[in-house]
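J.: For reference, the structure I am asking about is given below.
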Amino acid sequence: MNAPTPQQIYRRRRALALAVLLLVVGLVWWGIFVMRADTGGKASDPKATQAQSGPIVACTSGAVTVTAFIGNGSVSQTQFAKGMIPKLWFSLTNNSKRACTFEAGAIGQFYTITTGPDTVWQSKDCDRTGDVSAVVTLQPHQTLTSPPSDWFRVKSSSTGCGEGQSPVIAGGASYHLSVTVNNVKSANDVQFVLN
């Protein structure tokens with residue numbers, strides 16, 4: 027068997043080098059194609075990736091909707107029988123496309139109950155010495171609901187807001203509930219009737 031000539035060895039090495047080069051170029055092009063497919067046809071931007079994975083910041087103005095509720099603590103209602111103690115609560119919804127933090131603690135919660143032009147009860151008249159901060163992280167389009175609190179069908183004043191206060195008028199009287207959380211007023215005003 028004849029040994030390959032130097033010219034044959036040279037041709038084989040060139041063919042092998044060309045094949046390796048084509049393989050490397052093919053892999054690079056395949057990688058770019060996959061990357062473009064994963065990013066909707068656009069090459070990824072390292073700055074954009076860094077911004078998306080950056081720290082979660084406070085919710086911007088208008089990003090969170092506050093909704094007020096009154097009912098039995100699990101179901102909202104607008105009519106309350108004689109002697110029934112209404113419960114108040116609220117929900118927070120992140121309307122933005124990014125997660126953000128929001129102060130949802132009792133320190134920033136203020137319920138108000140009115141009848142006509144008169145404010146009959148407001149939680150800011152309650153003893154608020156134990157109220158604490160509670161910063162929550164709201165994911166995009168996530169809704170969180172607060173625990174319910176009792177309203178004892180009383181007026182509030184500088185002396186307090188609890189059971190010892192003067193009762194409000196019942197027997198079919200109409201009232202409205204709103205709530206402000208972290209300076210964001212509820213998008214709704216709930217009308218209800220006390221019998």
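Going by this note's numbering, the first residue of the sequence shown is number 27, and it counts up by one from there.
In this text, a Cβ means the ideal position worked out from N, Cα and C, and glycines have one as well.
According to the neighbour-count rule (16 or more other Cβ atoms, all chains shown, within 10 Å of its Cβ), is I139 buried or exposed?
T.: Taking the first residue of the sequence shown as 1, we reach residue 139 at position 113. I139 comes out buried.
J.: Let me make sure I understand the geometry here. Which of N208, A199, S159, W147 has the alpha-carbon closest to that of S192?
T.: Here residue 192 corresponds to residue number 166 of the sequence shown, with the count starting at 1. Selected option, being the one with the closest Cα: W147.
J.: What do you reckon, are the CB atoms on L164 and N208 nearer than 8 Å?
T.: Within the sequence shown, the letter at position 138 stands for residue 164. Within the sequence shown, the letter at position 182 stands for residue 208. Their beta carbons are not under 8 Å apart, which means L164 does not touch N208 by this criterion.
J.: Inspect the beta-carbon positions of S212 and V92 and report whether they are closer than 8 Å.
T.: By one-based count along the sequence shown, residue 212 stands at place 186. By one-based count along the sequence shown, residue 92 stands at place 66. Yes, Cβ-Cβ distance for S212 and V92 is below 8 Å.
J.: Using only the alpha-carbon positions, how far apart do S200 and Q217 sit?
T.: What you label residue 200 is simply residue 174 of the sequence shown in a count that begins at 1. What you label residue 217 is simply residue 191 of the sequence shown in a count that begins at 1. For S200 and Q217, the distance between alpha carbons rounds to 7 Å.
J.: Roughly how many angstroms separate the alpha carbons of D176 and L220, rounded to a whole number?
T.: Counted from its first residue, the sequence shown places residue 176 at position 150. Counted from its first residue, the sequence shown places residue 220 at position 194. The alpha-carbon atoms of D176 and L220 are separated by roughly 14 Å.
J.: Tell me which same chain residues have a C-beta within less than 8 Å of the C-beta of S184, skipping the five on either side of it?
T.: Walking along the sequence shown from the start, residue 184 turns up at place 158. Once the five neighbours on either side are set aside, the close Cβ partners of S184 are D151.
J.: Residue ranges of each beta strand (DSSP E) run of no fewer than 3 residues wholly in the segment 94-172, ordered along the chain?
T.: Correct list: 113-120, 126-129, 135-141, 144-148, 161-164, 169-171.
J.: If you follow the beta strand (DSSP E) that V207 is part of, which residue opens it and which one closes it?
T.: Numbered from 1 along the sequence shown, position 181 holds the residue referred to as residue 207. Looking at the DSSP string, the run of the beta strand (DSSP E) that includes V207 is 199-207.
J.: Closest to K123 by C-alpha separation, out of V90, A130, Q105, would be which residue?
T.: Position 97 of the sequence shown, counted from the first residue, corresponds to residue 123. Answer by Cα proximity: V90.
J.: In angstroms, rounded to a whole number, what distance separates the CA positions of Q135 and A125?
T.: Your numbering for residue 135 matches position 109 in the sequence shown. Your numbering for residue 125 matches position 99 in the sequence shown. Each residue's Cα considered, the two are about 21 Å apart.
J.: Please name the residue or residues paired with G80 in a DSSP beta bridge.
T.: As a position in the sequence shown, residue 80 is number 54, starting the count at 1. None; G80 has no bridge partner.
J.: If we ignore side chains and look at the alpha-carbon of each, how far apart do V180 and N98 end up?
T.: For this step, residue 180 is matched to residue 154 along the sequence shown. For this step, residue 98 is matched to residue 72 along the sequence shown. Those two C-alpha atoms are separated by around 17 Å.
J.: For P112, count the other beta carbons within 10 Å of its own beta carbon; 16 or more makes it buried, fewer makes it exposed. Which is it?
T.: Working through the sequence shown from its first residue, we reach residue 112 at position 86. With 16 or more other Cβ atoms within 10 Å, it is buried.
J.: What did DSSP end up calling G186 once you bin it into helix, strand or coil?
T.: The residue you call residue 186 lines up with position 160 of the sequence shown. Three-state DSSP puts G186 in a strand.
J.: Straight-line CA distance for V158 to A107?
T.: In the sequence shown, residue 158 corresponds to position 132, counting from 1. In the sequence shown, residue 107 corresponds to position 81, counting from 1. Straight-line Cα distance between these residues: approximately 33 Å.
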